[in-house]
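For reference, the structure is listed below as structure tokens.
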Amino acid sequence: LEFLTFSGLRRSELLQLPWSQVHLEDRIFILEDTKNGLDVEFPITDRLAEIFNRRNEYKVSEYVFGTEGKKGYLTDPKKTLKRVCKLAEVKITSHDLRRTFTSMAESSGVSGYLLKRLLNHITDKSDVTAGYLILTAEELKEPAEKVTETIAKYAGLIEPEPENKMTEMKILLANLTKEQKIELMSTLLN
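Just so we're aligned, residue 1145 is where the sequence shown starts under the working numbering, counting upward by one.
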């Protein structure tokens, strides 16, 4: 779940990732035969490197998200997600983690073209400009780091700078629904 959150990738593409496609020393990993039919290189951010290193310590199969089951890899993290949702008293899906990555990329100022590439989206054939953009994993590293650090800040994994706390609070409040704002006000006033 952590990797899905910090990468924004599709669960189906990520869970079958073999170690042979992970190049920690070069800070890239490759997804082959993705939903859009392409093989794509992605940068390994600092946070993803931590996850890869932890997974490597407990390697049980040729897959990064390996299990000792029939297929050798995790097919769906439903049980884990269900436990997390119960503990956090929220209801989310693994695809919501992809949406979160997208929202955090937007709030981080990552351009639409970079975001599409980070999410492995195909651009419209009518978008001529996108056809000229060929972005390497190295060129995606900085925007990917920016997004993962934004997620980490919102998750409380990084203490925000004092001058940025008010700005972050405003962003958080702006993203609340009307019902959530009413609930927050009620909690603060009681």
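Virtual Cβ for every residue (Gly too), placed ideally from N, Cα, C.
For residue 1184, the uninterrupted beta strand (DSSP E) run begins and ends at 1184-1187, by DSSP. Between the segment 1238-1252 and the segment 1151-1165, the count of Cβ pairs shorter than 8 Å is three or higher; the stretches touch. Comparing alpha-carbon positions, the option among 1262, 1227, 1203 lying closest to residue 1189 turns out to be 1262. Scanning its chain for C-beta atoms nearer than 8 Å, with the 5 sequence neighbours on each side dropped, one finds around residue 1164 the residues 1206, in chain order. Collapsing the DSSP output to three states places residue 1221 in coil. Using a Cβ distance threshold of 8 Å, residue 1254 and residue 1290 count as a contacting pair. Distance check between residue 1158 and each of 1232, 1219, 1198, 1201 places 1219 closest, using alpha-carbon atoms only. In the DSSP annotation of this structure, the continuous segment of the alpha helix (DSSP H) that includes residue 1317 starts and ends at 1309-1318. Under DSSP, residue 1207 shares a beta bridge with 1162.
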